[in-house]
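S.K.:
Numbering (this note's numbering), first residue to last: 2 to 111.
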């Protein structure tokens, strides 16, 4: 089976080129507005726009545990990305999200 190139027209440069190594892996993205979105990276283009599948957002609260909002297939614009990292699924499964309390992250101010 042939798979589509992870970058638009198969051309990637800079950060997008580095991210092609994470295609088909579960990643965590923190956006400029403080959201934490987790999903399987399916594609990235030359402007670092991401296509994520099986996505959910972790919503933090100081009064209750972490909630996970299902997003499904999701596109994140490259100019809205603050941090990207591969998620260690084994460690992530060990987390008891219902006991984690944290204030929501604030937006990044440039």
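We treat Cβ as the ideally placed atom computed from N, Cα and C, and that holds for glycine.
#1: Distance, Cα to Cα, residue 36 vs residue 59?
#2: For residue 18, verify whether its CB is less than 6 Å away from any heavy atom of the ligand COA.
#3: Who does residue 75 pair with in a DSSP beta bridge?
#4: Candidates 64, 85, 33 and 52: which alpha carbon is nearest residue 72's?
#5: Assuming residue 92 is part of the alpha helix (DSSP H), what are its boundary residues?
M.R.: According to the data block:
#1: Rounded to whole angstroms, residue 36 to residue 59 spans 8 Å at the Cα level.
#2: Absence of the ligand COA from the depicted structure is noted, as is the absence of any ligand whatsoever, leaving it without description.
#3: Paired residue(s): 53.
#4: When 64, 85, 33 and 52 are compared, the shortest CA-CA separation from residue 72 is found for 52.
#5: Following the DSSP letters along the chain, one finds residue 92 inside the alpha helix (DSSP H) bounded by residues 90-95.
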